[in-house]
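Chemist: Quick note on the working numbering: the sequence shown kicks off at 1197 and runs consecutively.
For every residue, glycine included, the Cβ atom is placed at its ideal position computed from N, Cα and C.
This structure is a prediction, so every number in the text was calculated from the model and none was measured.
Let me give you the structure first, and then I'll get to my questions.
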Amino acid sequence: MHRILVVLLPAAVCGAPLHAANFSHPYAMNSWTYPAWGCDMLDQAGITASRVFIPWWECEQTDVIPPATNYLWTMVKNMIPNCLTNAHRLGHKVHLAIYDSPSWARSNSSVMLSYPPAKYAEFITGLLEFCERTAPGVVDSVDFGNEDITWTSRMEKDPSWYYQHILRAGHAAVKAFNPDIKVLTGSLWGAVSAHQLDEMYQLGLGPYFDRINLHYYVQGMGPAEDPSYTGDVWHYPTNIRYLKYIAEQNGDPEKLVWNTEYAWKIAVTEPEKSGYYRQILDYSRRSGFVDMCAMYPGLSEDYPSGHDLAALIYCNDQSTPTIIIQTTAYFMYRTYTPQHPTWNPALRETLPVIPGASTHVAMANPGFENTIGSEWTGATRDTAQRHSGAASGRASNNGAIVSQYYDAESARLYEVLAWIKIDASNPSNFYISLYNLYASGPNNTGVQWWGPPHYDSVVDTRHYPGTWRRLRYLCLVPADKNRIALRFEGHGTGTFWIDDVQIRALNMPEPTIIIRPDVRITAPAAGA
């Protein structure tokens, strides 16, 4: 039997309160258009927060030197001012999602994150000043990068090279302007990107963000597009719990999770889309540690041929619409939000996560302490470099270090952990691929290769403490397999070492829910 620990703490003395007694403004949406009539309709559906995109490259097309303020805030059909003014009129909150960078700011034109962090902080300050002039008090958070750390180069995805400096500078700018405004990192693309969260903690970045920022996109993935599908690592309850678990494992149990984007638009009916949106709301609300969900998008124009099928509202033109369609999902929100106007973390329920294995995999010679035998191939035992103990396993260039096969439990969750050191004279031209090899025993037949998605950023580790970086990812053994091996594969020119390799049964305990009352929030509604 699991116990749920609920702790009530006084409000924080300074900075953004970590938790409210009840989570207010849990319903949000993203959009590229904010006409007054559309904002009113979304308000009627209980959606009281908006996440607006801030394209830095469009807003600052040439370098703006303070005290000049000639930023181009009216880009994208006046999207930013419209969002702010309507939020202020309706008493809503606004979340700012800054993305991309102007080419003039980059030291390398092909590297999006190669701009000076001080210039980024300067832009953030200018943005917040504009928001405060336009709509005082509506900004609730700033997201540094949106999906920049998901879709850029390998070195940009590894926060040790660029992003750690951007996050520190951006955090300082936001908190200097208003310590109550929350800071978010760029989005994590599901639990398969949880390694980026773990890497940020390794770099000491935990104090520099206030929420864990999830984007959840499973559309078009077959059975896995259903958030409740337990046959894949994209299972939504497992995703949110694993992100929270990573924070707990790094000594940060109070950190909450935001799902700032989710959508279904590929080969789904309107009722199916509505049902998936409701699942996201239900699982998040019941978790006790997700306090905001922002679907994507709230409103889409260009109906009937160019609209976004994930939207709650379709129209043919945002300015002078002659067609407005409120979808099944829109009416689901209208029914759902009055039933749960705020979310009470004290009423959390146990999440139905994918079950973990009953025991850890007992790997042979996981730290290369002994002479290497059949338990590893492709590795040279190296006593000069090690994360712990007396040795590590070394390979170079396009070499691969591969473990022997071990028994594993079918359809059960594991977590792979290892430490890696990478040395490359040209860091952009050497990286490591990670693979699980699944098979059926006892002769290891029907080998199936699986690489953790969004984990192509294992590059030179010189900027990590002690030059060693922890690798970490969850994995689900296929239902028709019962054997597992690990493969660490080099690409390019360089040397890498691995040490302290583990395949652990992943059984995540019930989270500790720590509630910090927020004096800005009114008393909970009756029955909330």
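1) With S1599 and L1682 assumed to form a contact (beta carbons below 8 Å), what rounded beta-carbon distance in angstroms separates them?
2) Alpha carbon to alpha carbon, how far is T1533 from H1284?
3) If you drop the 5 nearest sequence neighbours on each side, which residues of the same chain put their C-beta closer than 8 Å to that of V1272?
4) Is I1243 helix, strand or coil by DSSP?
5) When you compare each of R1668, E1352, A1369 to V1388 by their alpha carbons, which one comes out closest?
6) Distance, Cα to Cα, D1428 vs T1281?
7) Measuring only the C-alpha atoms, how far is W1454 from S1570?
8) Would you mind reading off the limits of the beta strand (DSSP E) that contains Q1644?
9) State the beta-bridge partners of N1409 as determined by DSSP.
10) Rounded to the nearest angstrom, how far is the Cβ of I1408 from that of L1439, given a contact under 8 Å?
11) Buried or exposed for Q1360, please, with buried defined as at least 16 other CB atoms from any protein chain shown within 10 angstroms of its CB.
12) Among residues of its own chain, excluding the 5 on either side of G1418, which ones have a beta-carbon nearer than 6 Å to its beta-carbon?
13) Is I1709 helix, strand or coil by DSSP?
14) Tell me, to the nearest whole angstrom, how far the beta carbon of F1340 is from that of I1276; I am working on the premise that it is less than 8 Å.
15) Report yes or no: do the region 1600–1618 and the region 1548–1559 share at least 3 C-beta pairs separated by less than 8 Å?
16) Give every residue of the same chain whose Cβ lies closer than 8 Å to the Cβ of Y1529, excluding the five residues on either side of it in the sequence, and list them in chain order.
17) Spell out the partners DSSP gives M1271 in its beta bridges.
18) Please state the DSSP three-state secondary structure of R1716.
19) For a minimum of 3 consecutive residues, which ranges assigned as the beta strand (DSSP E) are wholly contained in the region 1616–1669?
20) Let me know the alpha helix (DSSP H) ranges lying completely inside the region 1481–1522, each 4 residues or longer, listed in chain order.
21) Report the residue from D1619, L1323, L1452 whose alpha carbon sits nearest the alpha carbon of P1541.
22) Any idea which residues DSSP pairs Q1698 with across the strands?
23) Alpha carbon to alpha carbon, what distance is there between W1357 and N1266?
24) What are the boundary residues of the beta strand (DSSP E) that G1686 is part of?
25) So who's on the other strand from H1291, going by DSSP bridges?
26) For D1236, decide whether its Cβ has a neighbour in chain B, counting only Cβ atoms nearer than 8 Å.
27) DSSP state of S1424, grouped into three classes?
28) Over what stretch of residues does the alpha helix (DSSP H) that includes T1330 continue unbroken?
29) What is the DSSP secondary structure of T1576, counted as helix, strand or coil?
30) Assign W1385 to buried or exposed, taking buried as 16 or more other Cβ atoms, counted over all protein chains shown, within 10 Å of its Cβ.
31) Starting from M1308, trace the alpha helix (DSSP H) in both directions and tell me its first and last residue.
32) Alpha carbon to alpha carbon, how far is A1264 from I1320? Give it in angstroms, no decimals.
33) Quick check on DSSP: helix, strand or coil for A1216?
34) Please list, in chain order, all residues of the same chain as K1174 whose beta carbon is under 7 Å from its beta carbon, the five residues on each side excluded.
35) Quick check on DSSP: helix, strand or coil for T1533?
36) Using DSSP bridges, identify the partner residues of N1226.
Modeler: The short version:
1) 5 Å
2) 20 Å
3) W1228, F1249, P1251, E1254
4) coil
5) R1668
6) 42 Å
7) 45 Å
8) 1641–1646
9) W1454
10) 5 Å
11) buried
12) none
13) strand
14) With a Cβ gap of about 17 Å, F1340 and I1276 do not count as contacting.
15) yes
16) Y1223, A1241, G1242, I1243, Y1473, L1508
17) In the DSSP output, where bridge partners are listed per residue, M1271 has none listed.
18) With a pLDDT of 31 at R1716, under the threshold of 50, the modelled position of that residue is not reliable, and no figure is offered here.
19) 1626–1636, 1641–1646
20) none
21) L1452
22) L1613
23) 31 Å
24) 1679–1688
25) R1247, S1337
26) Absent from the structure is chain B; it holds one protein chain and no more.
27) coil
28) 1313–1330
29) strand
30) buried
31) Here M1308 belongs to no alpha helix (DSSP H), and DSSP marks it neither H nor E.
32) 14 Å
33) The pLDDT assigned to A1216 is 49, lower than 50, so where the model puts this residue is not dependable; a value taken from the coordinates is nonetheless given after this. In the structure shown, A1216 sits in coil (DSSP, three-state: anything other than H, G, I, E or B).
34) The structure shown does not extend to residue 1174, since the chain spans only 1197 to 1724, so no value can be given for it.
35) helix
36) R1247
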